[in-house]
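2 protein chains.
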Amino acid sequence: MKPEDEMLNWGRLILDGVSYSDMVGARDRPKEITWFDYWMNLANEYEQDAERKVALGHDLSAGELLMSAALCAQYAQFLWFDERRQKGQARKVELYQKAAPLLSPPAERHDLVVDGIPMPVYVRIPEGPGPHPAVIMLGGLESTKEESFQMENLVLDRGMATATFDGPGQGEMFEHKRLAGDYEKYTSAVVDLLTGLETIRNDAIAVLGRSLGGNYALKSAACEPRLAACISWGGFSDLDYWDLETPLTKESWRYVSKVGTLEEARQHVHAALETRDVLPQITCPTYILHGVHDEVPLSFVDTVLDLVPKQHLHLVVEKDGDHCCHNLGIRPRLEMADWLYDVLVAGKTLTPTMKGWPING
Amino acid sequence: MKPEDEMLNWGRLILDGVSYSDMVGARDRPKEITWFDYWMNLANEYEQDAERKVALGHDLSAGELLMSAALCAQYAQFLWFDERRQKGQARKVELYQKAAPLLSPPAERHDLVVDGIPMPVYVRIPEGPGPHPAVIMLGGLESTKEESFQMENLVLDRGMATATFDGPGQGEMFEHKRLAGDYEKYTSAVVDLLTGLETIRNDAIAVLGRSLGGNYALKSAACEPRLAACISWGGFSDLDYWDLETPLTKESWRYVSKVGTLEEARQHVHAALETRDVLPQITCPTYILHGVHDEVPLSFVDTVLDLVPKQHLHLVVEKDGDHCCHNLGIRPRLEMADWLYDVLVAGKTLTPTMKGWPING
Numbered sequence: 002m003k004p005e006d007e008m009l010n011w012g013r014l015i016l017d018g019v020s021y022s023d024m025v026g027a028r029d030r031p032k033e034i035t036w037f038d039y040w041m042n043l044a045n046e047y048e049q050d051a052e053r054k055v056a057l058g059h060d061l062s063a064g065e066l067l068m069s070a071a072l073c074a075q076y077a078q079f080l081w082f083d084e085r086r087q088k089g090q091a092r093k094v095e096l097y098q099k100a101a102p103l104l105s106p107p108a109e110r111h112d113l114v115v116d117g118i119p120m121p122v123y124v125r126i127p128e129g130p131g132p133h134p135a136v137i138m139l140g141g142l143e144s145t146k147e148e149s150f151q152m153e154n155l156v157l158d159r160g161m162a163t164a165t166f167d168g169p170g171q172g173e174m175f176e177h178k179r180l181a182g183d184y185e186k187y188t189s190a191v192v193d194l195l196t197g198l199e200t201i202r203n204d205a206i207a208v209l210g211r212s213l214g215g216n217y218a219l220k221s222a223a224c225e226p227r228l229a230a231c232i233s234w235g236g237f238s239d240l241d242y243w244d245l246e247t248p249l250t251k252e253s254w255r256y257v258s259k260v261g262t263l264e265e266a267r268q269h270v271h272a273a274l275e276t277r278d279v280l281p282q283i284t285c286p287t288y289i290l291h292g293v294h295d296e297v298p299l300s301f302v303d304t305v306l307d308l309v310p311k312q313h314l315h316l317v318v319e320k321d322g323d324h325c326c327h328n329l330g331i332r333p334r335l336e337m338a339d340w341l342y343d344v345l346v347a348g349k350t351l352t353p354t355m356k357g358w359p360i361n362g
Numbered sequence: 002m003k004p005e006d007e008m009l010n011w012g013r014l015i016l017d018g019v020s021y022s023d024m025v026g027a028r029d030r031p032k033e034i035t036w037f038d039y040w041m042n043l044a045n046e047y048e049q050d051a052e053r054k055v056a057l058g059h060d061l062s063a064g065e066l067l068m069s070a071a072l073c074a075q076y077a078q079f080l081w082f083d084e085r086r087q088k089g090q091a092r093k094v095e096l097y098q099k100a101a102p103l104l105s106p107p108a109e110r111h112d113l114v115v116d117g118i119p120m121p122v123y124v125r126i127p128e129g130p131g132p133h134p135a136v137i138m139l140g141g142l143e144s145t146k147e148e149s150f151q152m153e154n155l156v157l158d159r160g161m162a163t164a165t166f167d168g169p170g171q172g173e174m175f176e177h178k179r180l181a182g183d184y185e186k187y188t189s190a191v192v193d194l195l196t197g198l199e200t201i202r203n204d205a206i207a208v209l210g211r212s213l214g215g216n217y218a219l220k221s222a223a224c225e226p227r228l229a230a231c232i233s234w235g236g237f238s239d240l241d242y243w244d245l246e247t248p249l250t251k252e253s254w255r256y257v258s259k260v261g262t263l264e265e266a267r268q269h270v271h272a273a274l275e276t277r278d279v280l281p282q283i284t285c286p287t288y289i290l291h292g293v294h295d296e297v298p299l300s301f302v303d304t305v306l307d308l309v310p311k312q313h314l315h316l317v318v319e320k321d322g323d324h325c326c327h328n329l330g331i332r333p334r335l336e337m338a339d340w341l342y343d344v345l346v347a348g349k350t351l352t353p354t355m356k357g358w359p360i361n362g
């Protein structure tokens with residue numbers, strides 16, 4: 002099995018905006034073209050298309066094409082742990098920065114500095130009179146602020162602003178700081194930023210994290226009382242299940258931990274990603290989406306039920322779902338977007354829910 | 002080869018909004034579930050989801066889910082020529098009618114009667130102060146007004162209204178009138194409707210037709226002087242190439258012609274779909290999109306170059322394109338949407354273009 006077969010989740014890529022035709026092209030590419038080169042070349046093509054569009058006054062299409070380019074650069078690099086990784090990352094950052102002002106609504110870059118480390122945050126504000134609720138979106142192990150465009154759009158369509166950034170071990174912050182146990186500090190820095198913006202409602206800021214970001218979201222919600230809602234989308238509470246990880250995922254943990262061996266990586270992430278000590282502190286509505294076929298074992302749900310205060314819990318267990326339930330199409334994403342709307346925009350008080358749980362009940 | 006393998010174009014389905022996960026589910030479905038039942042069941046599921054969403058005040062998601070349901074019903078029926086066909090068609094019509102008011106912007110139904118035949122037209126108006134240009138969208142051999150949602154959105158995003166309907170042999174009109182050589186009459190009835198709406202600019206109404214609709218678009222533009230622009234998206238000028246059609250497509254021609262034999266069908270559609278006699282009458286900017294790998298032979302491009310007045314021509318020949326260039330992803334759609342913007346919104350006078358032609362030049 003080639004690395005791309007191990008890691009490639011077509012459902013995820015398509016839902017995040019990668020073109021089906023480009024994925025078919027990647028799968029069927031000539032042998033002499035590498036995976037990395039295929040996607041990087043495609044990123045160049047999309048960028049050239051976009052430049053032509055800008056020259057013709059077609060900004061909307063240009064933005065769309067630059068997002069496609071950025072996603073190509075993302076998927077070029079994410080399988081590798083050599084110089085290709087940073088090359089693809091840098092290209093993705095560059096392409097997204099070019100796309101940002103052309104998006105509808107545009108993504109505005111705020112250049113924060115946290116503990117002396119530059120931390121760009123992109124904020125998108127929906128149309129209509131504000132102030133608006135906001136959703137802070139957290140990337141995962143090999144995902145970054147540039148990838149949540151489609152999910153952002155669902156949130157924006159429902160009248161909420163979005164904010165994305167890279168934390169320790171991710172994207173632009175990776176060179177300054179490896180994966181660490183204090184991600185919530187950076188989430189809080191974004192809350193600081195948002196509460197300072199007139200267009201944002203200070204009492205209606207949520208956090209939504211996917212995969213590893215779902216771990217960060219839980220810890221951020223537990224440690225940051227200003228957060229009004231939390232979604233852990235395919236997240237986890239701890240890394241007790243390390244042995245179940247695929248070889249490539251273990252290698253990814255090692256890479257973002259900046260250590261030499263898998264054993265060092267195991268120890269580092271095990272300590273950094275422990276949240277069980279803080280989960281009982283959660284005081285905001287908390288949405289847990291878990292797929293039974295996720296490599297994160299079902300025991301995570303037990304942990305959540307044990308530790309997250311029941312009155313705040315909205316638990317959804319999908320019996321057919323894979324990691325992050327990407328294989329279920331748009332429906333889980335609509336569910337999360339509508340839940341955020343209910344909590345942040347409509348201000349509904351939701352009763353605790355357990356959908357699909359117990360799984361045989 | 003199963004019928005679905007012959008007809009199924011994954012690129013088309015995904016770009017029109019079918020979920021990738023649903024397509025995988027169709028491909029991998031248990032043997033005892035038929036193609037028809039798979040999609041019709043899924044339509045029911047999406048509808049139930051949508052009803053739940055409406056009850057919760059989540060109209061945006063409900064509209065999205067009902068569009069998914071309508072597309073499922075479309076792809077359930079389009080391979081069959083027995084009672085399944087009308088069953089799926091009727092279901093699609095019903096689901097779309099339910100979706101229409103929930104879409105953003107909504108689709109408003111106008112119940113026209115043309116020559117005593119009921120002809121519903123759905124109009125979607127973009128946000129912002131009008132009056133707006135409009136694009137009339139024509140379905141094809143087995144496609145109807147319910148299927149152009151995604152293309153409509155690209156046009157609406159660029160400040161143009163959309164109008165969709167079924168003509169002879171299509172969707173709701175099929176029971177009253179088989180495929181015929183006077184489709185342009187029905188296009189003109191929609192122009193009548195649009196010119197009577199205050200929100201529409203009478204001098205900026207275009208027609209866009211896909212596949213067989215691309216043939217209808219050409220004839221409509223030739224015969225209706227009020228049309229300000231025309232796009233023939235994977236269309237054709239005539240059916241001289243009948244022998245190249247697949248068995249299933251020939252059967253489809255027979256079905257919509259309401260005749261008993263393929264030879265009768267050949268004769269009927271050959272006469273009905275001839276446009277060469279009127280192409281020289283075209284007086285508006287006309288965009289021809291053709292893929293070299295289309296089953297419609299490249300000689301169509303020669304015909305266009307011979308007969309459509311050169312000063313109105315915007316010819317795009319994609320050397321890697323299949324029928325309607327569905328395999329090229331979103332790019333051809335963005336090109337068409339931006340061209341419509343240039344002609345109708347920006348009022349640009351475009352110079353005649355020949356992109357990708359001559360193919361070896």
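Taken in order, these protein sequences are the chains called G and L.
Reminder that position 356 of the first sequence reads as 357 in my numbering, one-by-one numbering, no gaps.
Reminder that position 58 of the second sequence reads as 59 in my numbering, one-by-one numbering, no gaps.
Even for Gly, the Cβ is constructed at its ideal location relative to N, Cα and C.
task: Could you tell me which residues DSSP puts in a beta bridge with leucine 57/G?
output: In the first sequence, the residue the question calls residue 57/G occupies position 56. According to DSSP, leucine 57/G bridges with nothing at all.
- prompt: Are the C-beta atoms of glutamate 319/G and some chain L residue less than 9 Å apart?
  reply: What you label residue 319/G is simply residue 318 of the first sequence in a count that begins at 1. No, glutamate 319/G lies away from the interface with chain L (no Cβ there is under 9 Å from its Cβ).
message: Am I right that histidine 1/L and alanine 91/L are in contact with their C-beta atoms under 8 Å? What's the rounded C-beta distance?
response: Any answer about residue 1/L is impossible in this case: the structure gives chain L only from 2 up to 362.
query: With DSSP run on the structure shown, which of helix, strand or coil describes threonine 276/G?
result: Indexing the first sequence from 1 puts residue 276/G at position 275. In the structure shown, threonine 276/G adopts coil according to DSSP, grouped into three states.
Beta carbon proximity, glycine 12/L to chain G, threshold 9 Å: In the second sequence, residue 12/L corresponds to position 11, counting from 1. For glycine 12/L, the answer is yes, since a Cβ of chain G falls inside 9 Å of its Cβ.
task: Could you tell me whether the region 82–89 of chain L touches the region 165–185 of chain G, using the rule of 3 or more Cβ pairs below 8 Å?
output: Output reads no: the region 165–185 of chain G does not touch the region 82–89 of chain L.
- prompt: Just by C-beta distance, which residues in the region 59–92 of chain G are closer than 8 Å to chain L?
  reply: If the cut-off is 8 Å between Cβ atoms, the region 59–92 of chain G has His59, Leu61, Ser62, Glu65, Leu66, Ser69 near chain L.
query: Smallest Cα separation from valine 114/G: which of Ala190/G, Ala347/G, Pro106/G, Ala71/G?
result: For this step, residue 114/G is matched to residue 113 along the first sequence. Of the candidates Ala190/G, Ala347/G, Pro106/G, Ala71/G, the one whose C-alpha sits nearest the C-alpha of valine 114/G is Ala190/G.
Close Cβ partners of alanine 27/L (< 6 Å) along its chain, the five nearest in sequence each way excluded: By one-based count along the second sequence, residue 27/L stands at place 26. Within the same chain, alanine 27/L has close Cβ partners Tyr39.
message: List, in chain order, every chain L residue whose beta-carbon is nearer than 7 Å to that of asparagine 328/G.
response: In the first sequence, counting from the first residue as 1, residue 328/G sits at position 327. In chain order: Ser22.
- request: Write down every uninterrupted run of the alpha helix (DSSP H) in the region 151–198 of chain L whose length is 4 residues or greater and which is fully enclosed by it, in chain order.
  value: Taking only runs of at least 4 residues, the alpha helix (DSSP H) segments lying wholly in the region 151–198 of chain L are 184–196.
The beta strand (DSSP E) enclosing leucine 308/G, as first and last residue numbers: Translated into positions along the first sequence, residue 308/G becomes position 307. Run containing leucine 308/G: none in the beta strand (DSSP E); it sits in the alpha helix (DSSP H), 300–308.
- request: For the region 31–49 of chain L, enumerate the residues whose C-beta is nearer than 9 Å to any C-beta of chain G, in chain order.
  value: For the region 31–49 of chain L, which is checked against every Cβ of chain G, the residues closer than 9 Å are Tyr47.
message: Once the 5 residues before and after methionine 337/G are set aside, which same chain residues still bring their CB inside 6 Å of it?
response: As a first step, residue 337/G is located in the first sequence; it is residue number 336 there, counting from the start. Apart from sequence neighbours up to five positions away, the residues of its chain that approach methionine 337/G with a beta-carbon distance below 6 Å are Ile232, ordered along the chain.
query: Do we get a CB-CB distance below 9 Å when we pair leucine 341/L with the residues of chain G?
result: Stepping through the second sequence from its first residue, residue 341/L is reached at position 340. Interface flag for leucine 341/L against chain G is unset, since no Cβ pair is found closer than 9 Å.
message: Tell me the DSSP secondary structure of lysine 88/G in three-state form.
response: The residue labelled residue 88/G in the question sits at position 87 within the first sequence. Looking at lysine 88/G - three-state DSSP - the assignment turns out to be helix.
message: Between Ser62/G, Leu240/G, Ala230/G, which has its C-alpha nearest isoleucine 331/L's C-alpha?
response: Position 330 of the second sequence, counted from the first residue, corresponds to residue 331/L. When only C-alpha atoms are compared, the closest one is Ser62/G.
task: Consult DSSP for lysine 99/L and reduce its assignment to one of helix, strand or coil.
output: Locating residue 99/L in the second sequence gives position 98, counting from the first residue. In this structure, lysine 99/L counts as helix in the three-state DSSP scheme.
field: Which of helix, strand or coil DSSP assigns to tyrosine 123/G
entry: Your numbering for residue 123/G matches position 122 in the first sequence. In the structure shown, tyrosine 123/G sits in a strand (DSSP, three-state: E or B).
query: Beta-carbon of alanine 338/G versus every beta-carbon of chain L: anything under 9 Å?
result: In the first sequence, residue 338/G corresponds to position 337, counting from 1. Chain L has a Cβ within less than 9 Å of the Cβ of alanine 338/G.
query: Between valine 208/L and the rest of its own chain, which residues show a CB-CB distance below 7 Å, the 5 nearest in sequence each way excluded?
result: Here residue 208/L refers to the residue found at position 207 of the second sequence. When the five nearest sequence neighbours on each side are left out, the beta carbons in the same chain lying within less than 7 Å of the beta carbon of valine 208/L are those of Ile137, Leu139, Thr188, Ala218, Ser221, Ala222, Leu228, Cys231, in order along the chain.
- prompt: Just checking my contact of glycine 357/L with valine 317/L at CB under 8 Å: how many whole Å lie between their CB atoms?
  reply: Against the second sequence, residue 357/L aligns to sequence position 356. Against the second sequence, residue 317/L aligns to sequence position 316. The distance from the Cβ of glycine 357/L to that of valine 317/L is about 6 Å, consistent with a contact at the 8 Å cut-off.
- prompt: What residue does the beta strand (DSSP E) around arginine 211/L start on, and which one ends it?
  reply: Against the second sequence, residue 211/L aligns to sequence position 210. Start and end: 201–211.
- prompt: Between Thr145/L, Ile126/L, Gly168/L, Glu176/L, which lies nearest to aspartate 158/L when the distance is taken from Cα to Cα?
  reply: Here residue 158/L corresponds to residue number 157 of the second sequence, with the count starting at 1. Nearest to aspartate 158/L by C-alpha distance, out of Thr145/L, Ile126/L, Gly168/L, Glu176/L, is Ile126/L.
- request: Report the residue from Leu345/L, Asp295/L, Phe150/L whose alpha carbon sits nearest the alpha carbon of histidine 324/L.
  value: Your numbering for residue 324/L matches position 323 in the second sequence. When each option's Cα is compared against that of histidine 324/L, the closest is Asp295/L.
Listed by chain order, chain L residues near leucine 157/G by CB distance under 7 Å: Counting from 1 along the first sequence, the entry for residue 157/G is found at position 156. In chain order: nothing, as chain L lies at least about 11 Å away.
- prompt: How about aspartate 321/G and leucine 329/G: are their beta carbons less than 9 Å apart?
  reply: Along the first sequence, read from residue 1 onward, the residue named residue 321/G stands at position 320. Along the first sequence, read from residue 1 onward, the residue named residue 329/G stands at position 328. Yes.
- prompt: What residue does the beta strand (DSSP E) around tryptophan 234/L start on, and which one ends it?
  reply: Against the second sequence, residue 234/L aligns to sequence position 233. Run containing tryptophan 234/L: 230–234, per the beta strand (DSSP E) assignment.
task: Identify, in the order they occur along the chain, each residue of the same chain with its Cβ nearer than 6 Å to the Cβ of leucine 66/L, setting aside the five sequence neighbours on each side.
output: In the second sequence, residue 66/L corresponds to position 65, counting from 1. Excluding its 5 nearest sequence neighbours in each direction, leucine 66/L has C-beta neighbours in its own chain below 6 Å: Tyr47, Asp50, Ala51, listed in chain order.
message: Between the alpha carbons of leucine 198/G and alanine 164/G, how many angstroms are there, rounded?
response: Counting from 1 along the first sequence, the entry for residue 198/G is found at position 197. Counting from 1 along the first sequence, the entry for residue 164/G is found at position 163. Rounded to whole angstroms, the gap between the alpha carbons of leucine 198/G and alanine 164/G is 12 Å.
message: Is lysine 54/L close to chain G? Criterion is C-beta to C-beta, closer than 9 Å.
response: Along the second sequence, one-based indexing puts residue 54/L at 53. Proximity of lysine 54/L to chain G, defined by a Cβ-Cβ separation below 9 Å, is satisfied.
query: Among His327/G, Ala347/G, Pro353/G, which residue has its Cα nearest to the Cα of methionine 152/G?
result: For this step, residue 152/G is matched to residue 151 along the first sequence. Looking from the CA of methionine 152/G, the closest CA among His327/G, Ala347/G, Pro353/G belongs to His327/G.
- request: Could you pull the start and end residues of the alpha helix (DSSP H) that aspartate 23/L belongs to?
  value: On the second sequence, residue 23/L is found 22 positions in, with the first residue counted as 1. Taken as a continuous stretch (DSSP letters only), the alpha helix (DSSP H) holding aspartate 23/L covers 21–28.
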